[in-house]
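Chemist:
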Amino acid sequence: MLTSSNAFNASKAHRSFCKACSLGKWGPRPSYAKDPKVLLPFLHRIQGDICGPIQPSSGPFKYFMVLVDASTRWSHVALLSTRNAAFAKLLAQIIRLRAHYPDHPIKSIRLDNAGEFTSKTFDDYCMSIGIDVEHPVPYVHTQNGLAEAAIKRIQMVTRTLVMRTNLPLSAWGHAVLHAAMLIRLRPTATQAFSAQQLVTGYEPSISHLRIFGCAVYVPITPPQRTKMGNQRRMGIYIGFESPTIIRYVEPLTSDLFTARFADCHFDETVFRSLGGDKNVTIQQERRELSWPVPTLSHNDPPTAQREIEVRRIIDLQKVADSLPDAFSDLAKVTRSHIPAANVPARMEVPEKDFRLIDAASATQNVGQGIAGATPNVGGDVAQAVAPPRKRGRPQGSRDTHPRKRAAKAHDPLIIDTQNPTHENIPDYGYVQETSLEDAPSLEPIRENVEISINYTSVHGTWDRNSIVVDDVFAYACARELIESDDIEPRSVDECQRRADWPEWKDAIQAELDSLTKRTVFGPVVPIPSGIKPVGYKWVFVRKRNEKNDIVRYKARLVAQGFSQRPGIDYEETYSPVMDVITFRYLISLVVFEKLNMQLMDVVTAYLYGDLDTEIYMKQSGRMWYTRLSDYLIGRGYVNNELCPCVFIKTTSSGFAIVAVYVDDMNIIGTLDELGDTAECLKSEFEMKDLRKTRFCLGLELEHRDSGILIHQSAYTQKMLRHFNMDKVHPVSTPMIGRSLDLKKDLFRPRDDDEDVLEAEVPYLSAIGALLYLAQCTRPDISFAVNLLARHSSAPTQRHWTGIKTIFRYLKGTINMGLFYPYRESRNDVLVGFADAGYLSDPHKGRSQSGYVFTMGNTAISWRSTKQTLVATSSNHAEIIALHEAVRECIWLRSIIGHIRSTCGLRSTTDEPTSIYEDNAACIEQMKQGFIKGDNTKHIAPKYFYNQQQQSLLKIQVNQVRSEDNVADLFTKSLPKSTFEKHVKSIGMLKLFDLP
């Protein structure tokens, strides 16, 4: 009998092994290895782990990595966009610790067995410098307990910080960094001192700590501060860079800034939410915090790229003697050899130090003065990361529009529409897809090649001798600039090598499901004689919101349209879309008539088109428009050739306007009709309701109680970062005053002894990006961009300096846009201003035409352009400029008259439209018409079309003083006071100045 008195002895006596007990009983037991009694030195052993993925993501980040010192419990936290980025962060931190604490060598580092922590190159590197890499037994988390416990502590503090504030859950990234700093400053569980004190040897100060998420009042920078205006603005405190520098978020734009702690005032009782309306919840406002572009990592696919990243950083350490700042904190690096105003500078890099530029990091590091290099790891990997090159047109080519090189044609498409399954996606047995065999590979750098640290390019450079700078070119530059951070994949193979392959896989499957659902493909039949099968390709696109964040992955299976023959394979391909001028007028209509506005997106719009011939896939855009147009007209909507993209329906309860831009539909109208129109579209097409319009045609819409502001602040910020102009000092005007002395005019054409800018200088890309901005929301830079665009074929350093002056002006006016205010009194009359800059181009004897049309004192249409013929006098130049303005006025009156009359609104075109002109002789000639005289006999009679329109009571030309003619903004460079006056007169305001 076993009793309590002999239980202990009995257990010793019966210690035989029991297999059944061993198999059936298990429980975690403490480790036999105890911590040493003697405190280990700092950095003797480090433990690390990763937490994530975390939903929702915090900007581009979904994970965070923790490194913990086993002795002092000192920890380092890094945010990660993907797990593959962990090694780059880990290796950079090890190198940084070795440089900062040379007396405390790292003896061992313990990491878990995850795939991102296994690299032979990393193991060899650690072995060479005396670091033992340890991995715990699989699934035994206690052997990496310090890192696990650190993550748990950070999570608990982070959740508490976020819940205390009115910030969205996506603010967890800032809260994690703040929580890690707080944990460093408090005593540890094993010591009576904080980890910071154990490392540095002195007690840290906590006087700079403030409540996370509280309101902070920061000084307004001088370019935005006025003498009698506010000197501070409110932000949301989200942590600190150091005891003297804080980080805060601007509530209206969600942009991240830093400020000096001593200059800030904190209100720890107020916790502001993001967005303009304080009564709107975060979910309704859809605001997200912005993050700076990551500089130490990029989205690597789960392949050998992880190994490449490790080798690249090790190679960079080998050349640290020639680049001493390469592994310093970028925020603290001082590079006196780089000019403050981004004056082009270069440095020599010998071939022995750099063999192959890493395509994923070269663009980032070039602008920062850090030359990123990687060893030659083989052609396959090099081709996988190589960006596509842009090729210029051959000399004498008539096709002057920018275009991409034609992709290799595929075999005819054959899809089994009977059994499309998800399991088929990884192998693509039924889709013959080409790989990147013909992708351009990276070229080794020649000896003593110069690497520019100020110039960047968009996938290459445009051919200056064969490009026409027009609207198409501007849109191409803007599109590539928006997508420059992460190029869209070009094939399924490339998608599979990316970290976001699951999203692309879902998009591909959704496209195949849509093809099956819409019965796009018929049965497989033999190819008839005389019929040429059309190849296919996959097109991958990511739709972005107003902050350039990815909101949707789209995959489209398209035909190789270039292989079709006009007149044989197809007849028509044109599909109308809404232009930005019409869209701006519709916004003003929303404001003046106090209408509602929402955005809807058609899912797989092109698959709804009914082809009028067999397989002529080139017609998809045209067929989709025809399908939509027929449906809306059949439901009672009215369409007009003046604006074929606008459909209007009027009922007794109100009206609705459907403005179409491909598959995006803006619905404007009264509340009842708005809902009926949305239901009408949903009943026929698969739609996504995006609610209130906040982003369309590249424009950001800020809705306020006082009105609507359209701006492009996200695009402007991205453009400044892309051209390395985001750290420059702002200026008050986009161009400096021009000299009357032709030889001293900084904007004169290239002199014979003057060098042309080198091909790698992105002059054309900058012109295209700025032109797109000037055409959409920034009329204040129209003249400066137009003037510098004239020298695109042979730009010099003077002209490049002019480009940078525009960038510096945009730096101080990032959030400026066109504000359409709600007004009690009706002021919805179209008003125009016209002017000419006589001999604006004195070197060729040409003048400048400029006009602007406003609705409610806010511009809806403008233009600044060089006249195509030589004007013999200022009066002649004014007549030509007025002619251009009248032509635009007649078109605007037609559009406005059609929309308002169809909607049953009060007409604003019954009276003549006033156009203001400052030349008295020109106005007098408009009254008298064409009179043959010594001063006018050489003027073509067509320019007196203006007088005919005035006699028909469609326009009325009135005189205005020269200093009050806002069209001066589009014809000449102006002094600061006049420039700011005219900018305000056309309704341009900054986001922070909105009433």
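Note that UniProt numbering gives residue 872 to position 872 of the sequence shown, counting from 1, and the numbers run on in steps of one. Where a beta carbon is used, it is the ideal one built from N, C-alpha and C, also for glycine.
Using the beta-carbon count (16 or more within 10 Å), is I648 buried or exposed?
Modeler: Counting Cβ neighbours within 10 Å, I648 comes out buried, since at least 16 surround it.
Chemist: Between the Cα of R721 and the Cα atoms of K804, L671, I781, which residue gives the shortest distance?
Modeler: Comparing Cα-Cα distances from R721 to each of K804, L671, I781, the minimum goes to K804.
Chemist: Can you give the Cα-Cα distance for T858 and L697, rounded to whole angstroms?
Modeler: Cα to Cα, the separation comes out at about 19 Å.
Chemist: So which of Y631, L595, T913 has the shortest CA-CA distance to G654?
Modeler: Among Y631, L595, T913, the Cα nearest to that of G654 is on L595.
Chemist: What do you get for I880, buried or exposed, if any count of 16 or more other CB atoms within 10 angstroms of its CB means buried?
Modeler: It is buried - the Cβ of I880 has at least 16 other Cβ atoms within 10 Å.
Chemist: Whose C-beta lies closer than 6 Å to the C-beta of G48 among residues of the same chain, with five residues either side of it excluded?
Modeler: Only L67, L111, A147 meet the Cβ criterion.
Chemist: Just list the residues that DSSP pairs N958 with in beta bridges.
Modeler: DSSP, once it has assigned bridges, lists Y916 as partnering N958.
Chemist: For C21, count the other beta carbons within 10 Å of its own beta carbon; 16 or more makes it buried, fewer makes it exposed. Which is it?
Modeler: The residue is exposed, with fewer than 16 neighbouring Cβ atoms inside 10 Å.
Chemist: Using the Cα positions of H938 and P734, report the straight-line distance between them to the nearest angstrom.
Modeler: Rounded to whole angstroms, H938 to P734 spans 37 Å at the Cα level.
Chemist: Need the endpoints of the alpha helix (DSSP H) that Q801 sits in, please.
Modeler: In the sequence under discussion, the amino acid at residue 801 is Thr, which differs from the Gln named in the question. Counting along the chain, the alpha helix (DSSP H) containing T801 begins and ends at 797–812.
Chemist: May I have the straight-line CA-CA distance separating A882 from E917, to the nearest angstrom?
Modeler: Note on residue identity: the sequence assigns Leu, not Ala, to residue 882. Their Cα atoms are separated by approximately 8 Å.
Chemist: Starting from D493, trace the alpha helix (DSSP H) both ways and give me its first and last residue.
Modeler: Where D493 is concerned, the enclosing alpha helix (DSSP H) stretches over 492–496.
Chemist: Which of the three DSSP states is assigned to W74 in this structure?
Modeler: Coil, per DSSP.
Chemist: With P821 as the anchor, note down where its beta strand (DSSP E) starts and where it stops.
Modeler: Here the beta strand (DSSP E) through P821 covers 816–821.
Chemist: Looking only at its chain, what residues have a beta carbon closer than 8 Å to the beta carbon of T226, apart from the 5 residues adjacent to it on each side?
Modeler: Counting only Cβ-Cβ distances below 8 Å, and skipping sequence neighbours, we find nothing.
Chemist: Are the beta-carbon atoms belonging to S588 and G173 less than 8 Å from one another?
Modeler: Cβ atoms of S588 and G173: not closer than 8 Å.
Chemist: Expressed to the nearest angstrom, what Euclidean distance is found between the alpha-carbon atoms of E494 and K537?
Modeler: Answer to the nearest angstrom: the Cα atoms are 13 Å apart.
Chemist: In chain order, what residues of the same chain have a beta carbon less than 7 Å from the beta carbon of P426, not counting five sequence neighbours either side?
Modeler: With a pLDDT of 39 at P426, under the threshold of 50, the predicted position of this residue should be treated as unreliable, and no value is reported.
Chemist: Buried or exposed for S977, please, with buried defined as at least 16 other CB atoms from any protein chain shown within 10 angstroms of its CB.
Modeler: Under this definition S977 is an exposed residue.
Chemist: When burial is assigned at 16 or more other CB atoms within 10 Å of the CB, is residue 1058 buried or exposed?
Modeler: Residue 1058 lies beyond the range of the chain shown here (1 to 995); nothing can be said about it.
Chemist: Let me know the secondary structure DSSP gives Q197 once reduced to three states.
Modeler: Three-state result, Q197: helix.
Chemist: Around the Cβ of M988, are there at least 16 other Cβ atoms within 10 angstroms (buried) or fewer (exposed)?
Modeler: Buried: at least 16 other Cβ atoms inside 10 Å.
Chemist: Report the rounded CA-to-CA distance for C214 versus G239, giving the unit in angstroms.
Modeler: Roughly 10 Å separates the two Cα atoms.
Chemist: For G845, which residues in the same chain have their Cβ closer than 6 Å to its Cβ, ignoring the five residues on either side in sequence?
Modeler: V870.
Chemist: Considering only the alpha carbon of each residue, which of Y63, L773, N958, F42 lies closest to residue 996?
Modeler: Since the first and last residues shown for the chain are 1 and 995, residue 996 lies out of range.
Chemist: Does DSSP put N596 in a helix, in a strand, or in coil?
Modeler: Strand.
Chemist: For the beta strand (DSSP E) holding S864, just list the boundary residues, first then last.
Modeler: Its beta strand (DSSP E) spans residues 858–866.
Chemist: What's the C-alpha gap between A656 and T670?
Modeler: Approximately 7 Å, taken between the alpha carbons.
Chemist: Pairing CB atoms from the segment 941–951 with CB atoms from the segment 897–904, are three or more of them under 8 Å?
Modeler: Touching, no, given that fewer than three Cβ pairs across the two stretches are closer than 8 Å.
Chemist: Assign P502 to one of three DSSP states: helix, strand, or coil.
Modeler: Looking at P502 - three-state DSSP - the assignment turns out to be helix.
Chemist: Considering only their Cβ atoms, is the gap separating M600 from A510 smaller than 8 Å?
Modeler: For A510 and M600, no; Cβs fall outside 8 Å.
Chemist: Measuring only the C-alpha atoms, how far is Y217 from M163?
Modeler: Each residue's Cα considered, the two are about 22 Å apart.
Chemist: Return the bridge partner residues of N640 from the DSSP annotation.
Modeler: Answer by DSSP bridge pairing, in chain order: C643.
Chemist: Residues bridged to Q848 by DSSP?
Modeler: Looking at the DSSP assignment, Q848 forms a beta bridge with G837, K866.
Chemist: To the nearest angstrom, report how far apart D69 and H100 are at their CA atoms.
Modeler: Their backbone Cα atoms lie some 15 Å apart in a straight line.
Chemist: Below 8 Å on the Cβ atoms is my guess for A967 versus A834; work out the distance and round it to an integer in Å.
Modeler: The pair is a contact, with the Cβ atoms about 5 Å apart (cut-off 8 Å).
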